[in-house]
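Okay, so here's the structure we're looking at.
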Amino acid sequence: MRKKLEGNGLWESSRMMLPEHKVAINELEKALRQRTRVELDEQEWEHVARSVTDSLQQRQPITLRLFHPLEELTVIGIVDRIDQLKGRFMVDGEWFLIGDIEGAAIQDIEDNGLF
Amino acid sequence: MSLNRVIMLADCQSFYASVEKAEHPEYHDSPLVVAGDPERRSGIILAACPIAKKFGVTTAERLGDSLAKCPDLVIIKPRMQLYIDISMQITQIYQAYTDLVEPYSIDEQFLDVTGSIHLYGSPEKLAHHIQARISSDLGIYTRFGIAENKMLAKTACDNYAKKNESGIFELTKEMLPDTLWTLPIAKMFMVGSRMTRHFQFMGLETIGKLAATPLEKLKLMLRRKLGKNSDINAELYWNIANGIDNSPVAPGTHEIAPKAVGHMMTLPRDYETLAEIKVVLLELTELVCQRCRGKGYMGHVVSVGLMGANYDRPSGFSRQMKMDDPTNITNQVYCAAVRLVLTHWDGYPVRKVGVSLTQFSQDDEYQLSLFDTKREKTMALEKATDALKKKYGDAVILRAVSNTPAGQALHRSEKIGGHYK
């Protein structure tokens, strides 16, 4: 009962919605959230490749933005392995696809206040 | 810039009738209604166009009565799927102006346009702009209530925008003494005929009088009238009367996981035997379980309601029971539902049957049973039938009992919300 006075409770308890209409609304919402892949140009790819290699060779923490169909996905860590053949790389024991990379930045060690 | 939000409630005039008029330009100047089942004289009016309303035709009256008032009435069968589609198109138009759009019903939607106003000058100009666009794109006339919260926007729309020339009305808190508070209590949102009587009895004939009553006093008054548990309602009515509402315009509101999934239907004739009741019970259980499976839920508690056919001698029951384990397998839920009917049904004819499932858990983990060895097989079967139904419609595969005279599944699959698709 109390819920009527909080949040959106009044409107959620008083509305008349056909179940079929609700399904349609939720599908539209989902479609709106669908993300499209970002195409990187050559220079951007070069930057990504250099950052990933730096991270692998010098064990520098890296921040990578990856494609995800519904949400923003960021991977932070040190690249442990690169598997060119299968087009994937490993951060913290987990494999990710190289093709999913949308951006990369090496984290400056001085930045984190430890040094 | 003002600190207040700018909320709009946009409402479509005689929605179903307007959609049909846009689809049938030849009836542009004729009185038109959308009616339940035109073949039956007893079908009711779902929507009447403004011309039909001038003849005195009202929503929810019987078709026979409307024809008596207006013999030239154009009667159209409802097409619910079309109305849903048009409603979604309207939602998408609103979404061009703000991402905060919350559909409240098929023809009413809330818009929070606080962040878009600076592009259009004033809320009224924006409302005009949207109104003109929907009219030219879809041929539907929309009315806009504008205010700082949803409650006042709804009030502005229902009581003023629907009646004035422009179809747009902005209601500010400062205007309340001359507007909302002068209206009779029956006009208040959430107040129906029963509460109107109660409030009139308490001497609160206008919304203003209710608003001016101190909340504590109102709580006491309602408690005396309606019992101990009316404090929350008292606060609710008091907030409404004072135009207080801080609820957000929540676009994701329809994604919230439901607490219960249920289906109910009024039977075309009274069912008198257990065998007949069991047929619809199975069909409803199938629908409920199908929806649960689609959402990935299993229910632990099943409830069944039967309503007797005789209005003068109300009979029937509504009972629930907890099953051994959560499930969404039709036959398991059906067995429990039948047990409820066997225990509680008094044997009188039945006109309404309902089944629902509650207390959900996710269906990716379930209790293995020593005795039910066929579970995996049943689940695979239901998965297949669900997929078929999703692709080709609910009527594509039916249980054999649905082909008996008591079966309603085929009939039901042609409808949305009890009306033709």
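Here the protein sequences line up with chains A and B, keeping their order. The numbering used here puts the first residue of the first sequence at 1, with every later residue one more than the last. The numbering used here puts the first residue of the second sequence at 1001, with every later residue one more than the last. Ideal Cβ placement from N, Cα and C applies to all residues, glycine included.
Can you tell me whether DSSP reads residue 1137 of chain B as helix, strand or coil? helix
Output yes if chain B places a C-beta closer than 8 Å to the C-beta of residue 25 of chain A; else output no. Taking Cβ atoms only, chain B reaches closer than 8 Å to residue 25 of chain A, which makes this a yes.
Would you check if the distance between the CB atom of residue 1357 of chain B and the CB atom of residue 1333 of chain B is smaller than 8 Å? yes
Less than 8 Å between C-beta atoms, sequence neighbours within five positions excluded: which residues of the same chain meet that for residue 112 of chain A? In this predicted model, residue 112 of chain A has a pLDDT of only 49, less than 50, meaning its place in the structure is not dependable enough to derive any value.
Residue 1362 of chain B, enclosing beta strand (DSSP E) - first and last residue: For residue 1362 of chain B, the enclosing beta strand (DSSP E) covers residues 1350-1362.
Note down, in chain order, each residue of its chain lying with its Cβ closer than 6 Å to the Cβ of residue 54 of chain A, except the 5 sequence neighbours on either side. If the five residues before and after residue 54 of chain A are omitted, its C-beta is found closer than 6 Å to the C-beta atoms of 60, 106, all from its own chain and listed in chain order.
If you follow the alpha helix (DSSP H) that residue 1245 of chain B is in, where does it begin and where does it stop? Careful: residue 1245 of chain B lies outside any alpha helix (DSSP H) and carries neither H nor E.
Please state the DSSP three-state secondary structure of residue 1283 of chain B. Secondary structure of residue 1283 of chain B (DSSP, three-state): helix.
Hey, out of A:95, A:18, A:103, whose CA is closest to residue 1106 of chain B's CA? Per the Cα distances, A:18.
Would the region 1024-1032 of chain B and the region 71-86 of chain A be scored as touching if the rule is three or more Cβ pairs under 8 Å? no
6 Å CB neighbourhood of residue 48 of chain A in its chain, flanking five on each side removed: Excluding its 5 nearest sequence neighbours in each direction, residue 48 of chain A has C-beta neighbours in its own chain below 6 Å: 101, 104, listed in chain order.
On the CB-based measure, 16 or more other CB atoms within 10 Å of its CB, does residue 1160 of chain B come out buried or exposed? buried
Between residue 1104 of chain B and chain A, is there a C-beta pair that is closer than 8 Å? yes
Between the C-alpha atoms of residue 1298 of chain B and residue 1378 of chain B, what's the straight-line distance to the nearest angstrom? Roughly 15 Å between the two C-alpha positions.
Could you work out which residues of chain A lie near residue 1150 of chain B, taking near to mean beta carbons separated by less than 7 Å? Here the neighbours are 11.
Whole angstroms is fine: what's the gap from residue 58 of chain A's alpha carbon to residue 39 of chain A's? 28 Å
For residue 1067 of chain B, which residues from the same chain have a beta carbon less than 7 Å from its beta carbon, with the 5 sequence-adjacent residues on both sides left out? 1073, listed in sequence order.
Who are the Cβ neighbours of residue 963 of chain B in its own chain at under 6 Å, not counting the five residues just before and after it? Outside the modelled stretch of chain B, which goes from 1001 to 1421, sits residue 963 of chain B, for which no answer is possible.
Could you tell me whether the Cβ of residue 35 of chain A comes closer than 8 Å to any Cβ of chain B? It does not; no Cβ of chain B falls within 8 Å.
Would you say the beta carbon of residue 1332 of chain B comes nearer than 7 Å to a heavy atom of the ligand FMN? Looking for the ligand FMN in the displayed structure turns up nothing, as the structure carries no ligands at all.
Take the Cβ of residue 1048 of chain B as the centre, count every other Cβ of all protein chains shown within 10 Å, and call the residue buried at 16 or more, exposed below. Buried, because 16 or more other Cβ atoms sit within 10 Å of the Cβ of residue 1048 of chain B.
Kindly indicate which residue of B:1011, B:1150, B:1085, B:1143 has the alpha-carbon position closest to the one of residue 1004 of chain B. B:1150
Would you decide whether residue 1104 of chain B is buried or exposed? Buried here means 16 or more other CB atoms lie within 10 Å of its CB. buried
CA-to-CA distance, residue 1341 of chain B to residue 1255 of chain B, given in whole angstroms: 33 Å
Can you give me the start and stop residues for the beta strand (DSSP E) that residue 1299 of chain B sits inside? 1297-1308
My parser needs the alpha helix (DSSP H) runs of 4 or more residues fully inside the region 1356-1414 of chain B; what are they? Counting only unbroken stretches of 4 or more residues, the alpha helix (DSSP H) elements lying wholly within the region 1356-1414 of chain B are 1375-1392, 1409-1413, in sequence order.
Minimum length 4: unbroken alpha helix (DSSP H) runs contained in the region 1055-1134 of chain B: 1063-1069, 1080-1095, 1117-1120
Can you tell me which residues form a DSSP beta bridge with residue 1032 of chain B? B:1074
Is DSSP giving residue 1191 of chain B helix, strand or coil here? coil
Exposure of residue 1011 of chain B, with buried meaning 16 or more beta-carbon neighbours within 10 Å: buried
Just the chain B side, please: which residues come within less than 8 Å of residue 18 of chain A by C-beta, in chain order? 1080, 1084, 1106, 1416, 1417
At a CB distance below 8 Å, what residues from the region 1393-1405 of chain B approach chain A? Give them in sequence order. Against chain A - using a Cβ distance shorter than 8 Å - the region 1393-1405 of chain B contributes no residues.
Within 10 Å of its beta-carbon, does residue 1371 of chain B have 16 or more other beta-carbons around it, so buried, or fewer, so exposed? Of the other Cβ atoms in all chains shown, fewer than 16 fall within 10 Å of the Cβ of residue 1371 of chain B; this residue is therefore exposed.
Segment contact flag, the region 1107-1127 of chain B with the region 1139-1150 of chain B, C-beta cutoff 8 Å, min 3 pairs: yes
Closest residue to residue 1321 of chain B among B:1304, B:1310, B:1331, B:1330 (Cα-Cα distance): B:1304
Can you confirm whether residue 71 of chain A, when its beta carbon is compared against all beta carbons of chain B, has any partner nearer than 8 Å? no
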